[in-house]
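Numbering (my numbering), first residue to last: 14 to 166.
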C-alpha cells in the first residue's frame with residue numbers, strides 16, 4: 014500500500030477557518046425595511062442626507078419624517094403615511110433629509126456596524142448622520158448613545 018500524498022491546495026482547503034463579517038458597502042442597508050410607498054418617497058436620499066434622531070421624548074408613533082422643501086410627510090408606526098405639505102409653500106428645512114426616529118439601542122446597533130456622527134444635540138436628544146467611513150472613531154458617539162440610552166430607560 015502506497016502512502017497517500019496530500020496536495021498542498023487540498024491541505025489548505027481542508028483547514029478550518031473563520032469568516033470575517035462583511036461590512037456593508039452602503040449604510041442604508043442597515044436601516045429597517047419600510048413600506049414600498051414610503052420607500053418611493055424617500056429612496057432618493059443618499060446616506061449623507063439621512064439623519065437619525067434619538068429623542069428622550071420619542072413615543073414611537075412617528076417612525077420617519079420626509080423633510081424636503083415644504084413637505085413634511087411622516088411614516089407612522091402602523092405603516093400609514095401622513096402627508097403634510099405647507100400651504101402656502103415655503104422652505105421649512107435648511108437641508109432636505111430623511112429623518113429617522115429610533116431608540117438609543119437601535120441607533121447603537123447601527124453604530125456598531127457603521128459609525129454615526131453627532132450633528133446636533135438638545136435637551137430632548139441628539140441627531141446623527143452616517144460617517145463617511147464605516148470604521149471612523151466611535152468613542153464620542155458611543156458615549157453619547159449610552160447617555161441617551163440611560164435617559165430613555
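The beta-carbon is built from N, C-alpha and C at its ideal position, and this holds for glycine as well.
If residue 64 and residue 112 are in contact, beta carbons under 8 Å, what's the gap, nearest whole angstrom? As a working note, residue 64 is residue 51 in the chain shown. As a working note, residue 112 is residue 99 in the chain shown. Rounded, the Cβ-Cβ distance is 5 Å, consistent with contact.
Hey, would you say residue 69 sits closer than 7 Å to residue 77, going by beta carbons? Walking along the chain shown from the start, residue 69 turns up at place 56. Walking along the chain shown from the start, residue 77 turns up at place 64. No, the pair does not count as a contact, with Cβ atoms beyond the cut-off.
Using only the alpha-carbon positions, how far apart do residue 56 and residue 27 sit? Sequence index remark: in the chain shown, residue 56 carries index 43 (1-based). Sequence index remark: in the chain shown, residue 27 carries index 14 (1-based). Rounded to the nearest angstrom, the two C-alpha atoms are 44 Å apart.
Helix, strand or coil, according to DSSP, for residue 166 in the structure here? As a working note, residue 166 is residue 153 in the chain shown. If DSSP states are grouped into helix, strand and coil, residue 166 belongs with coil.
Of all the alpha helix (DSSP H) runs that stay within the bounds of the stretch 62-123, which reach a length of 4 or more residues? none
Where the alpha helix (DSSP H) containing residue 129 begins and where it ends: For this step, residue 129 is matched to residue 116 along the chain shown. It is not in any alpha helix (DSSP H) - residue 129 instead sits in the beta strand (DSSP E) that spans 129-135.
I need the straight-line Cα distance from residue 152 to residue 146, nearest angstrom please. For the purposes of this step, residue 152 is taken as the residue at position 139 of the chain shown. For the purposes of this step, residue 146 is taken as the residue at position 133 of the chain shown. For residue 152 and residue 146, the distance between alpha carbons rounds to 14 Å.
State the CB to CB distance for the pair residue 40 and residue 81, rounded to an integer number of angstroms; the pair is presumed to be in contact (CB under 8 Å). Counted from its first residue, the chain shown places residue 40 at position 27. Counted from its first residue, the chain shown places residue 81 at position 68. Not confirmed; about 20 Å, so no contact.
Please list the terminal residues of the continuous alpha helix (DSSP H) segment that includes residue 53. Here residue 53 refers to the residue found at position 40 of the chain shown. 49-55 is the extent of the alpha helix (DSSP H) around residue 53.
Beta-carbon proximity list for residue 138, same chain, < 7 Å, skipping 5 on both sides: The residue you call residue 138 lines up with position 125 of the chain shown. Answer for residue 138: 66, 67, 68, 69, 161, listed in chain order.
Helix, strand or coil, according to DSSP, for residue 60 in the structure here? Counting from 1 along the chain shown, the entry for residue 60 is found at position 47. Looking at residue 60 - three-state DSSP - the assignment turns out to be helix.
Can you name the start and end residues of the beta strand (DSSP E) that residue 139 belongs to? By one-based count along the chain shown, residue 139 stands at place 126. 138-143 is the span of the beta strand (DSSP E), which, as asked, contains residue 139.
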